[in-house]
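Asker: Before anything else, here's the structure in question.
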């Protein structure tokens, strides 16, 4: 509490007191009292008045500091009325009720927004569910009627499917709920499924693939990792150069298993490298390849953070290596084994 | 393994028809559930070896149908669904589903899963040898034999020959062979296919087989 401001607020009562004091002194002098009596009374008056002022200032300051402290420690500041003492002073009671009203309207608004977001997420999930039916039907139609034309369609369908999955995982990553299931999975199964998901795109672009020594087991959610790998494969295709090569391999390092996806594409500029996982960041490559959105890697990073997977990118000149590091948790192994 | 009966329970008519075409084309006998309120009766009357079951159906859900079937049959049930939530997957396993495949599925993976489940459930041994015109392909030992002479094959060579033997008499497009190899997790490209073909022909020459694989110009290969 600002002392000067407090003093300024007391100005009217101080002026009245001084006016009263002046009137009393005039009255006493007019009635023939010696000036010393008036002076004594005035001094006692001033002492009592300043004492009262100082004590009031200090107690009020302590009280408000406590309240301020409380508010600062609170994460959800609008919940302050729930934990503060109910005041006794007439004006403070009014302020307290105003705070209560603000809290209530805030809570109602948050509740409404949370409900809306949940409904929207459910709608997205349902939409994905619906849209997969025609995608599946088209895929079957194309595969049952193989021709160069349907091969191109199948490649487009793979892209379409990846975009719908991206929507789904975006909605899931925004949500605080746990939407994944950790269990023991074989990395080779996930890698091969992800390659199969992009088969026609990879074939169309003549990508040479090697996937060797990837027979490690890790504890994670296979669907999420498959989605992440799909994003990385699509990036490798998008930023390819002549004669694209894609290599999958794992390295065991202390308590981690590192799965790397290495391509020989256009690479990432050193100045862009620290920012590639930021939302909406497209960098120098984004200016060359128009379809960059800055969502894919951002989403990969978010999902990895949620699953406790390390995600790192490395690029020197040309080619990029993205590494996923899975921790081999002895505790998990102990419980499951 | 073929002539196994498979029943499709799927409410989207296009998927239903295309799935039927795909599976019938692979030698299975197919029935399609038409009345979703009487799926159980249809299952009983067709008595399939395997069931492809969608979860989201009009009326009873796939989960209900699965648990009702489990009361009288152990037939393999594959859940085929577009919802890929963990809860659905867990529930399908708890109710006795044998596999859980999400849409849009890879047909090669679906076919492989069906074949594997049928083999396991009915103890159908996989044919270990394929024969054509007196030439025998040994799948287990990865070798080809003709007139008592044997040649060892690499993984790629075996799969290429397997595909040619399976489609013996027909012309196999290069693209189709590479597709088949990719579905078997062997990622070779067109050039590598040529290299493998040359190597296979060399091995065949070595055991006295010349011109066993014929090249059809611009079309592919045939046995």
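Residue numbers (the working numbering), protein chains in the order written: chain A, 6 to 342; chain B, 34 to 256.
All C-beta atoms, glycine included, are put in the ideal place defined by N, C-alpha and C.
Note that the structure is predicted; figures quoted are calculated from it, not measured.
#1: If I'm right that residue 119 of chain B touches residue 186 of chain A with Cβ under 8 Å, what's the distance once you round it to whole angstroms?
#2: Tell me whether residue 186 of chain B sits in a helix, a strand or coil according to DSSP, three-state version.
#3: Between residue 216 of chain A and chain C, is the shortest Cβ-Cβ distance under 8 Å, so that the two count as touching?
#4: Measuring alpha carbon to alpha carbon, tell me which of A/217, A/142, A/154, A/243 ends up nearest residue 49 of chain B.
#5: Between residue 251 of chain B and the rest of its own chain, which residues show a CB-CB distance below 6 Å, the 5 nearest in sequence each way excluded?
#6: Return the residue from the list A/163, A/330, A/190 that minimises the CA-CA distance to residue 2 of chain A.
#7: Residue 250 of chain A and residue 207 of chain A: beta carbons closer than 8 Å?
#8: Where in the segment 243-321 of chain A do unbroken runs of the beta strand (DSSP E), each at least 3 residues long, occur, reported from the N-terminal end onward?
#9: At a Cβ threshold of 8 Å, is residue 341 of chain A touching chain B?
#10: Please list the partners that residue 228 of chain A has in chain B, where partner means a Cβ-to-Cβ separation under 7 Å.
#11: How many angstroms separate the CA atom of residue 325 of chain A from the CA atom of residue 272 of chain A?
#12: How many angstroms separate the CA atom of residue 322 of chain A from the CA atom of residue 141 of chain B?
#13: If you drop the 5 nearest sequence neighbours on each side, which residues of the same chain put their C-beta closer than 6 Å to that of residue 92 of chain A?
#14: Between which two residues does the beta strand (DSSP E) containing residue 222 of chain A stretch?
#15: From what residue to what residue does the beta strand (DSSP E) around residue 94 of chain A run?
#16: So residue 134 of chain A packs on residue 94 of chain B, CB below 8 Å; how close in whole Å?
#17: Does DSSP classify residue 77 of chain B as helix, strand or coil?
#18: Report buried or exposed for residue 341 of chain A, applying the criterion of at least 16 other Cβ atoms within 10 angstroms of its Cβ.
#19: Looking at the unbroken alpha helix (DSSP H) that takes in residue 55 of chain B, where does it start and where does it end?
#20: Please decide whether residue 136 of chain B counts as near chain A, where near means a Cβ-Cβ distance under 8 Å.
#21: Drop a sphere of 10 angstroms on the beta-carbon of residue 260 of chain A, count the other beta-carbons inside from all chains shown, and report buried for 16 or more, exposed for fewer.
#22: Nearest-angstrom Cα distance between residue 68 of chain B and residue 201 of chain A?
#23: Leaving out five residues on either side along the sequence, give the residues of the same chain with a beta carbon under 8 Å from the beta carbon of residue 220 of chain B.
#24: Taking 8 Å as the CB-CB cut-off, is residue 201 of chain A touching chain B?
#25: Please identify the residue among A/146, A/270, A/103 whose C-alpha is closest to the C-alpha of residue 138 of chain B.
#26: Here's the rule I'm using: 16 or more other beta-carbon atoms within 10 Å means buried, otherwise exposed. How should residue 109 of chain B be labelled?
#27: Report, in whole angstroms, the separation of the C-beta atoms of residue 6 of chain A and residue 69 of chain A, which I expect to be a contact under 8 Å.
#28: Are residue 176 of chain B and residue 256 of chain B touching if we call contact CB-CB under 8 Å?
#29: Go to residue 176 of chain B, then tell me how far its beta strand (DSSP E) extends in each direction, as first and last residue.
#30: Give the DSSP-derived three-state secondary structure of residue 15 of chain A in the structure shown.
#31: Listed from N- to C-terminal order along the chain, which residues in the segment 145-158 of chain A have their beta-carbon within a distance smaller than 7 Å of any beta-carbon of chain B?
#32: Is residue 169 of chain B helix, strand or coil when you go by DSSP?
#33: Enumerate in chain order the residues of its own chain whose CB-to-CB distance from residue 97 of chain B is below 8 Å, with the five nearest sequence positions on each side excluded.
#34: Ignoring anything shorter than 3 residues or poking outside the segment 85-121 of chain B, list the beta strand (DSSP E) runs there in chain order.
#35: Can you name the residues that DSSP bridges to residue 248 of chain B?
#36: What is the residue span of the alpha helix (DSSP H) that residue 58 of chain A lies within?
Answerer: Considering the structure as presented:
#1: 4 Å
#2: coil
#3: This model lacks chain C altogether; the protein chains it does include are A and B.
#4: Scanning A/217, A/142, A/154, A/243 for the CA closest to the CA of residue 49 of chain B turns up A/142.
#5: none
#6: Past the boundaries of the shown model lies residue 2 of chain A; chain A is included only from 6 to 342, so the question cannot be answered.
#7: With a cutoff of 8 Å on beta-carbon distance, residue 250 of chain A and residue 207 of chain A are scored as not near each other.
#8: Counting only runs of 3 or more, we get 250-258, 261-268, 315-319.
#9: Reliability of the predicted coordinates at residue 341 of chain A is poor, the pLDDT of 47 falling under 50, and the value obtained from them is presented with this limitation in mind. No, no contact with chain B.
#10: 117
#11: 5 Å
#12: 38 Å
#13: 98, 101
#14: 222-225
#15: Premise fails: residue 94 of chain A is in no beta strand (DSSP E) and is neither H nor E.
#16: The pair is not a contact, with the Cβ atoms about 13 Å apart (cut-off 8 Å).
#17: helix
#18: Bear in mind that a pLDDT of 47 at residue 341 of chain A, under 50, signals an unreliable position, so the number given afterwards is only what the model happens to contain. With fewer than 16 other Cβ atoms within 10 Å, it is exposed.
#19: 46-58
#20: yes
#21: By the neighbour-count criterion, in which a residue is buried when 16 or more other Cβ atoms sit within 10 angstroms of its Cβ, residue 260 of chain A is exposed.
#22: 34 Å
#23: 214
#24: yes
#25: Nearest C-alpha to residue 138 of chain B: A/146.
#26: buried
#27: 5 Å
#28: no
#29: Looking at the DSSP string, the run of the beta strand (DSSP E) that includes residue 176 of chain B is 176-179.
#30: In the three-state reduction of the DSSP assignment, residue 15 of chain A falls in the coil class.
#31: 145, 146, 148, 149
#32: Judged by DSSP in its simplified three-state form, residue 169 of chain B adopts strand.
#33: none
#34: 110-114
#35: B/254
#36: 40-78
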